[in-house]
Amino acid sequence: MHVLIINGSPRVKQFSNTDKILTKFTEGLSENGTTYEQFEISDKKQWEDIRRAYYANDNILIALPLYVECIPGLLMEFLETLSPKNDGTKIAYILQSGFAEGIQLRCGEAYLKILTKNLGCEYAGTLVKGDNFSIRFFEGNMRDKVTGPYTEMGREYAAKAGFESDKCRAFTGYEIFPAHMRLMLRIVFRTIGRVMFTRISRGWGCTKPLDHRPYQ
Ligand SMILES: Cc1cc2nc3c(=O)[nH]c(=O)nc-3n(C[C@H](O)[C@H](O)[C@H](O)COP(=O)(O)O)c2cc1C
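With the numbering used here as the guide, the letters of the sequence shown map in order to residues 4 to 219.
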């Protein structure tokens with residue numbers, strides 16, 4: 004099997020969490036001879052090649068981050084340039100996000116089913132997973148802890164040509180956090196989280212407090 008992979012993030016490859024996820028995912032995907040080619044939506048110079056590859060390939064995987072509860076605008080702009088295929092092409096998706104609960108990605112997932120139909124293709128499932136904010140901030144083992152599990156999902160995709168298995172559904176984790184976890188997270192975000200985010204923002208050149216309201 005050969006797979007066309009499209010990273011739908013508007014972030015350049017170097018800073019894209021989706022790209023780090025795909026690095027691990029493709030390790031598992033290619034273990035048993037499955038081949039792939041990967042393109043980046045963030046690089047408009049690639050769009051013509053992506054379009055050509057979309058019409059030439061039967062197995063397509065679009066990996067995308069959730070941006071404002073939805074599909075990123077730049078990816079949408081690209082998708083609107085495609086014509087429906089009606090030739091048995093399968094499209095699967097990796098839908099990943101910052102916030103951790105599966106429930107907040109379900110609206111995006113429902114849209115991806117509609118999108119597949121509009122493109123005249125067969126829906127091959129969506130791998131739904133949140134809790135990926137930290138990928139960009141971490142290096143080495145810490146990053147691998149978040150991205151490593153995607154290698155197994157790569158194997159699963161290669162074996163099933165999609166994400167419709169129970170294993171992939173279970174990969175989402177909590178649909179909604181239980182009450183005690185929500186309470187704990189609230190405390191963590193108001194204490195350690197606040198200190199961490201302040202430190203990160205200073206590293207990026209931010210000079211004002213995180214709750215600064217210049218227009219108030
Ligand atoms: C403008 C913007 C909007 C975002 N909106 C959401 C959101 O609605 N829900 C969420 O869980 N994460 C949201 N995120 C977090 C991203 O989905 C998350 O960090 C993802 O891993 C980014 O992947 P990328 O670096 O490949 O773009 C948003 C990030 C940005 C920059």
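A virtual CB, placed ideally from N, CA and C, is assigned to each residue, including glycine. This one's a predicted model, so the numbers in the text were calculated from it and none came from an experiment.
| Item | Value |
| --- | --- |
| Leaving out five residues before and five after P212 in sequence, what residues of the same chain have Cβ atoms less than 8 angstroms from its Cβ? | T201 |
| Measuring only the C-alpha atoms, how far is N135 from A59? | 32 angstroms |
| If you run the structure through DSSP and keep just helix, strand and coil, what is F42? | strand |
| On the three-pair Cβ rule with 8 angstroms, is the region 25 to 42 touching the region 103 to 113? | no |
| On the premise that G165 lies in contact with K27, defined as a C-beta separation below 8 angstroms, what is that separation, rounded to the nearest angstrom? | Between G165 and K27 the Cβ distance is about 18 angstroms, and since that is not below 8 angstroms, they are no contact. |
| For T175, collect the residues of the same chain with a Cβ closer than 7 angstroms to its Cβ; drop the 5 residues on either side in sequence, then sort them by chain order. | G105, V131 and K132 |
| Is the Cβ-Cβ distance between L122 and P87 less than 8 angstroms? | yes |
| Is the Cβ-Cβ distance between I44 and N10 less than 8 angstroms? | yes |
| Could you compute how far the alpha carbon of G91 sits from the alpha carbon of P217? | 53 angstroms |
| Please confirm if the region 11 to 25 is in contact with the region 64 to 81, defined as three or more CB-CB distances below 8 angstroms between the two stretches. | yes |
| Please state if the CB of E72 and the CB of T154 are separated by a distance shorter than 8 angstroms. | no |
| E40: which of M4, N20 and Y70 sits nearest, CA to CA? | M4 |
| Considering only residues of the same chain and omitting the five flanking positions on each side of K47, which have a CB-CB separation below 8 angstroms? | none |
| From K93 to Q17, what distance separates their C-alpha atoms? | 28 angstroms |
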